[in-house]
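Heads up: the sequence shown begins at 15 in the numbering used here, then just goes up one per residue.
These notes are about the structure you will find just below.
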Amino acid sequence: MDQVKSYAFDRFTDRDRQAEIRRLHTQATLLWDRELTVLTSLGLPSDQPVLDIGCGPGFIAGGLAAFNSAGSVTGLDTSLELLDIARTVVLPERPNLMVQPGNAYATGLPAAAFQFVYNRLIYQHLDEPSRALQEAHRVTRPGGTVCVMDVDDAWLTVHPTIPAFDTFTALACRAQAANGGDRHISRKLPGLMAAAGFHEVGVTAISVSSLEIGMAAFLDITTGFKAIQIDTEDAFALRDRVGAEVEAAEEQGPVFGMVGVFFVTGRA
Ligand SMILES: C[S@@+](CC[C@H](N)C(=O)[O-])C[C@H]1O[C@@H](n2cnc3c(N)ncnc32)[C@H](O)[C@@H]1O
Numbered sequence: 015m016d017q018v019k020s021y022a023f024d025r026f027t028d029r030d031r032q033a034e035i036r037r038l039h040t041q042a043t044l045l046w047d048r049e050l051t052v053l054t055s056l057g058l059p060s061d062q063p064v065l066d067i068g069c070g071p072g073f074i075a076g077g078l079a080a081f082n083s084a085g086s087v088t089g090l091d092t093s094l095e096l097l098d099i100a101r102t103v104v105l106p107e108r109p110n111l112m113v114q115p116g117n118a119y120a121t122g123l124p125a126a127a128f129q130f131v132y133n134r135l136i137y138q139h140l141d142e143p144s145r146a147l148q149e150a151h152r153v154t155r156p157g158g159t160v161c162v163m164d165v166d167d168a169w170l171t172v173h174p175t176i177p178a179f180d181t182f183t184a185l186a187c188r189a190q191a192a193n194g195g196d197r198h199i200s201r202k203l204p205g206l207m208a209a210a211g212f213h214e215v216g217v218t219a220i221s222v223s224s225l226e227i228g229m230a231a232f233l234d235i236t237t238g239f240k241a242i243q244i245d246t247e248d249a250f251a252l253r254d255r256v257g258a259e260v261e262a263a264e265e266q267g268p269v270f271g272m273v274g275v276f277f278v279t280g281r282a
């Protein structure tokens, strides 16, 4: 299986694994009602085969399976360890969900097999997004939908300015790029989708802010994984400084954080 450098869960330390599973769970549940509303408006079916590429521990695949109760959901991921968590935690409650190892670039799945193909927070880690889009197109039924959900750091902001947050996010952006990832993937996806042969390419953007989820959760989902990714002791110290600077700023007045989430869709 191709090596995944930008997100390699199997190389995290034990402590980082626990923290990352918690972060993925928070990130999956905090937004789910709004996310599901967007996904149904974009064509998520309730009685057809659905594929979740880069499903990780399966929290989202489980939500897709609950909605798509008269259909089936297949979750695919390169991380055997994350798939094990999905098998242990999510699958027992969702008989219409199955998970299997596989790579976004070459899924090994049959052509034209799925009505809806979801890709959540995986494209920012792919060094060949066009190749993955071609594969997603191949496994989607003609007329079916591929949806890529991801972020773009242009829509990541905190007010008032927290210098450690800006330094930390810039460092993380460079570290992810050095590993083949791209924190500015969302702005590129519409063009990449059109080039991969999709029709009716569209973008739906929502914002997630500290007003809805609280500043602690906002900092967790926007900085948690990045310290692991930068992978130096300094990065963890810098992340702690973000928390300290936010606390100091909150003594002067409210601190607001916002991140944009983009759903880019195309019809096969
Ligand atoms: C940030 S996690 C997101 C997990 C899940 N989609 C969610 O939103 O909770 C990114 C996931 O993409 C997976 N991944 C990265 N590159 C991949 C590839 N080339 N093929 C399949 N999965 C990949 C990682 O193993 C990881 O589970």
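Ideal Cβ placement from N, Cα and C applies to all residues, glycine included.
Alpha-carbon spacing of residue i relative to residue j, whole angstroms
i: Val104; j: His198; result: 31 Å
i: Asn117; j: Gly267; result: 46 Å
i: Phe128; j: Glu107; result: 22 Å
i: Pro156; j: His213; result: 10 Å
i: Met15; j: Gln138; result: Summary for Met15: the model assigns pLDDT 49, below 50, so the residue's position carries little reliability, and this model does not support an answer.
i: Ser144; j: Asp248; result: 34 Å
i: Asp141; j: Arg281; result: 23 Å
i: Met163; j: Thr43; result: 15 Å
i: Asp234; j: Leu225; result: 14 Å
i: Ile136; j: Gly68; result: 6 Å
i: Met229; j: Ala125; result: 44 Å
i: Ala189; j: Ser93; result: 21 Å
i: Pro174; j: Ile227; result: 18 Å
i: Val131; j: Val113; result: 14 Å
i: Thr102; j: Ala231; result: 25 Å
i: Phe26; j: Ile244; result: 12 Å
i: Glu264; j: Gln62; result: 48 Å
i: Leu203; j: Leu90; result: 21 Å
i: Arg134; j: Asp47; result: 15 Å
i: Ala84; j: Pro115; result: 24 Å
Spatial neighbours of residue i in its chain, beta-carbon cut-off 6 Å, leaving aside the 5 residues before and after
i: Thr279; result: Leu56, Thr159, Cys161, Gly216
i: Met272; result: Thr171, Ser221, Ser223
i: Phe179; result: Val172, Val256
i: Glu96; result: It should be noted that the sequence gives Leu, not Glu, for residue 96. These residues qualify, in order along the chain: Phe23, Gly70, Pro71.
i: Ala219; result: Gly274, Phe276
i: Leu58; result: Phe130
Sequence-distant residues of its chain with Cβ nearer than 7 Å to residue i (five each side left out)
i: Leu50; result: Gly77, Phe81
i: Ala87; result: The identity of residue 87 in the sequence shown is Val, whereas the question assumes Ala. Cβ neighbours of Val87 beyond the five flanking positions: Val64, Asp66, Ala75, Leu78, Ala79, Asn110, Leu111.
i: Ala241; result: Ala249, Phe250, Arg253
i: Met207; result: Leu147, Val215, Val278, Gly280
i: Phe239; result: Glu34, Arg37
Counterpart residues of residue i in DSSP-defined beta bridges
i: Cys161; result: Tyr132, Thr279
i: His173; result: Phe270
i: Pro115; result: Asp91
i: Asp66; result: Gly89, Tyr132
i: Ser60; result: Paired residue(s): none; Ser60 is not in a bridge.
i: Ala120; result: Asn117
Own chain partners of residue i with C-beta closer than 8 Å, once the 5 adjacent residues on each side are dropped
i: Pro177; result: Glu259
i: Thr236; result: Leu170, Thr183, Gly271, Val273
i: Arg201; result: Asp166, Ala168
Under the three-state DSSP convention, the category residue i falls into
i: Met15; result: Residue confidence for Met15 is low, a pLDDT of 49 falling below 50, so the modelled location carries little weight and cannot support an answer.
i: Pro268; result: coil
i: His198; result: coil
i: Tyr21; result: coil
i: Asp141; result: coil
i: Thr246; result: coil
i: Ala219; result: strand
i: Arg37; result: helix
i: Ala126; result: coil
i: Thr154; result: strand
i: Ala241; result: helix
i: Ala168; result: strand
| query | Does the segment 241-256 touch the segment 119-128, meaning 3 or more C-beta pairs lie closer than 8 Å? | reply | no
| task | Would you check if the segment 147-156 and the segment 177-197 touch, i.e. whether three or more CB-CB distances between them fall below 8 Å? | result | no
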